[in-house]
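With my numbering applied, the sequence shown closes on residue 453, and no number is skipped along the way.
Just below is one structure, and these are the notes that go with it.
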Amino acid sequence: MNWEQLLSLKRFGDTNKRLRKEQDETRVGFEVDYDRIIFSSEFRSLQDKTQVIPLSQTDFVHTRLTHSLEVSVVGRSLGRKVGQKILEKYPHLKEIHGYQINDFGAIVAAAALAHDIGNPPFGHSGEKSIGEFFKTGEGLHYKNQLTDKEYQDLCDFEGNANGFKIITQKNLRLSYATLGAFMKYPKESLPKKPSSHIADKKYGFFQSEKALFTNVANELGLLERSKSNISYSRHPLAYLVEAADDICYTIIDFEDGINLGLIEEEFALEYLSKIIRNTIIPENYYNLSSKQERIGYLRALAIGTLIDEAVAIFMEHEEAILNGTFNYALLDKSKYEAQINDIIKISIEKIYHSEEVIDKEIAGYQIINKLLGIYTKAVNNNFDGTASNYDKLVLKRLPKTIDFSSENLYDRLLAVCHYVSLLSDSKAILNFKTIEGVTF
14 MNWEQLLSLK
24 RFGDTNKRLR
34 KEQDETRVGF
44 EVDYDRIIFS
54 SEFRSLQDKT
64 QVIPLSQTDF
74 VHTRLTHSLE
84 VSVVGRSLGR
94 KVGQKILEKY
104 PHLKEIHGYQ
114 INDFGAIVAA
124 AALAHDIGNP
134 PFGHSGEKSI
144 GEFFKTGEGL
154 HYKNQLTDKE
164 YQDLCDFEGN
174 ANGFKIITQK
184 NLRLSYATLG
194 AFMKYPKESL
204 PKKPSSHIAD
214 KKYGFFQSEK
224 ALFTNVANEL
234 GLLERSKSNI
244 SYSRHPLAYL
254 VEAADDICYT
264 IIDFEDGINL
274 GLIEEEFALE
284 YLSKIIRNTI
294 IPENYYNLSS
304 KQERIGYLRA
314 LAIGTLIDEA
324 VAIFMEHEEA
334 ILNGTFNYAL
344 LDKSKYEAQI
354 NDIIKISIEK
364 IYHSEEVIDK
374 EIAGYQIINK
384 LLGIYTKAVN
394 NNFDGTASNY
404 DKLVLKRLPK
414 TIDFSSENLY
424 DRLLAVCHYV
434 SLLSDSKAIL
444 NFKTIEGVTF
């Protein structure tokens with residue numbers, strides 16, 4: 014892979030090549046990507062989607078939206094720092110083509126801003142509950158009417174693939190560079206985990222976006238990893254998007270747990286001090302009067318340290334990344350890996366397995382299962398010409414912006430899953446109550 018091709022400003026529908034040196038410096042195309050994402054309705058709905066703690070009434074607990082904004086900020090810093098080093102290593106990118114340090118930051122920031130845009134309501138349990146509907150629930154009877162890959166898309170409904178579906182909508186028209194950086198798992202749903210490569214951990218696009226993805230991958234010059242199934246190497250900047258997310262959920266979920274009293278403050282100093290031992294000034298920490306201020310101080314230092322660490326790892330392995338042979342997340346190679354794993358372990362024990370979170374997941378399963386059952390039945394009965402009066406009422410509540418009437422069963426089922434995935438936590442609950450007849 015080469016950086017000039019990877020930094021493509023092309024957008025869907027372009028007939029002429031977009032050259033970096035001809036860009037308006039007051040609003041470069043990569044910055045336009047960020048603006049388009051942040052003004053999208055799908056991004057706005059993240060304000061009412063669970064990050065970890067469900068439907069919290071406190072001001073300091075993160076939603077998907079605040080998490081995405083923070084990941085974007087960290088991603089911008091990662092991108093700029095890497096961009097500076099890349100332009101030093103390949104000066105022709107700046108001297109001949111006009112690329113700037115901030116271009117790298119803008120690409121990573123935009124992709125990071127959108128990294129959770131496809132996640133269903135109720136956190137990761139939302140993805141699992143959609144999958145369970147098709148694996149063992151009412152949706153199981155569709156299996157024999159779908160191809161293996163279509164069925165796998167539904168059984169392992171993936172927020173990353175749903176996100177790619179959203180950000181490749183015609184009204185957004187993001188640059189190919191941002192689309193590439195967004196794609197952490199540039200493969201289709203089958204085969205599952207064909208290798209231990211980090212890019213094979215999950216899948217990144219539905220069968221409905223297969224042609225779009227292939228077009229982007231080829232334009233960017235991503236390396237093909239399989240001839241029999243669609244699978245490519247990662248865009249190098251996808252490693253930075255992943256690192257930004259890893260840094261934020263590791264440190265900030267931990268911070269949320271402490272501020273909520275699920276984790277004792279002493280754990281913060283014990284675990285985070287091992288990461289920030291070279292930057293912490295003890296008197297500054299002890300002079301802060303509130304727990305939130307003290308934890309915020311440790312969090313800021315830890316994030317800064319891990320940003321510098323991720324940049325160093327990226328540049329150390331930059332050639333392997335370009336060759337498609339770097340098989341790990343950046344932080345998997347960090348000297349702080351043990352400390353990071355310790356923090357994640359205690360977060361799993363104290364936060365992710367807390368009664369409040371488990372209750373949310375139980376409720377989420379029931380709500381999403383009910384919605385999928387009602388909507389798929391109404392949509393398919395309508396297609397077959399057997400819709401009941403109730404089905405017709407349900408259909409009137411579905412948005413006109415999504416096509417539920419495709420001739421293809423897979424497309425109809427995916428449209429329903431896509432609609433449910435776009436619901437906020439509160440909207441999903443409201444729809445569930447309406448269906449159950451408990452709103453009056």
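No residue lacks a Cβ here, since even glycine has one placed at the ideal position from N, Cα and C.
In the three-state DSSP reduction, S434 falls in the helix class (H, G or I). For E362, no pairing in a beta bridge is given by DSSP. For M328, the enclosing alpha helix (DSSP H) covers residues K304 to E329.
Rounded to the nearest angstrom, the Cβ distance from I442 to I387 is 15 Å, too far for a contact under 8 Å. Between the region 409 to 425 and the region 194 to 209, the count of C-beta pairs closer than 8 Å stays below three; the two stretches do not touch. Beta-bridge annotation (DSSP): T63 is paired with T76.
The beta-carbon separation of S221 and N382, rounded to 23 Å, does not stay under the 8 Å limit for a contact. Short of 6 Å from the beta carbon of L187, and not among the five residues preceding or following it, lie these beta carbons of its own chain, in chain order: D46 and I180.
For a cut-off of 8 Å, the C-beta gap from T263 to I353 is around 6 Å, short enough to register as a contact. Between the alpha carbons of F218 and K200 lies a gap of roughly 7 Å. By the CB criterion at 8 Å, E171 and Y216 fall inside the cutoff. Nearest to F135 by alpha-carbon distance, out of E369, T389 and K405, is E369. According to the DSSP secondary-structure assignment, E237 is paired through a beta bridge with Y245.
Between R77 and D129 a beta carbon distance of about 5 Å is seen, short of the 8 Å cut, so the two are scored as contacting. Taking C-alpha positions only, D404 is separated from Y155 by approximately 19 Å. By a beta-carbon distance limit of 8 Å, G270 contacts S360. Their separation comes to about 6 Å. Rounded to whole angstroms, Y164 and F195 show a C-alpha spacing of 24 Å. Judged by DSSP secondary structure, P295 falls within the alpha helix (DSSP H) whose first and last residues are P295 to Y299. Burial check for K223: the Cβ neighbour count within 10 Å stays below 16, so the residue is exposed. In summary, A313 is exposed, with fewer than 16 beta-carbon neighbours lying within 10 Å of its beta-carbon over all protein chains present.
Sequence-distant Cβ neighbours of F339 in its own chain, meaning closer than 6 Å and more than five residues away, are H330 and A333. DSSP places K409 in the helix class (H, G or I) of the three-state scheme.
Around A400, the same chain offers N394 as residues with beta carbons nearer than 6 Å, after the five sequence neighbours per side are excluded. Annotation for Q158: L422 place their beta carbon closer than 6 Å to its own, counting only its chain and skipping 5 residues before and after. In the DSSP assignment, D46 falls within the alpha helix (DSSP H) that extends over G42 to I51.
Put simply, of Y189, E55, G176 and G26 the residue whose alpha carbon is nearest the alpha carbon of Q18 is Y189.
With a cut-off of 8 Å on Cβ pairs, the region 82 to 94 is in contact with the region 314 to 323, counting three or more such pairs.
Non-local beta-carbon contacts of S53 in its own chain, meaning distances under 7 Å to residues more than five positions away in sequence, involve L185 in chain order. According to the DSSP assignment, G274 belongs to no alpha helix (DSSP H), since it is labelled neither H nor E. The beta-bridge partner set that DSSP reports for K200 consists of S244. Looking from the CA of T227, the closest CA among K214, I211 and R247 belongs to R247. The residues Y284, in chain order, have a CB closer than 7 Å to that of D355 in the same chain once the five nearest residues on each side in sequence are set aside. V229 and K373 have their alpha carbons spaced roughly 37 Å apart.
S58 and A391 have their alpha carbons spaced roughly 25 Å apart. F396 and N29 have their C-alpha atoms roughly 41 Å apart.
Scanning I211, L167 and N297 for the CA closest to the CA of V433 turns up L167.
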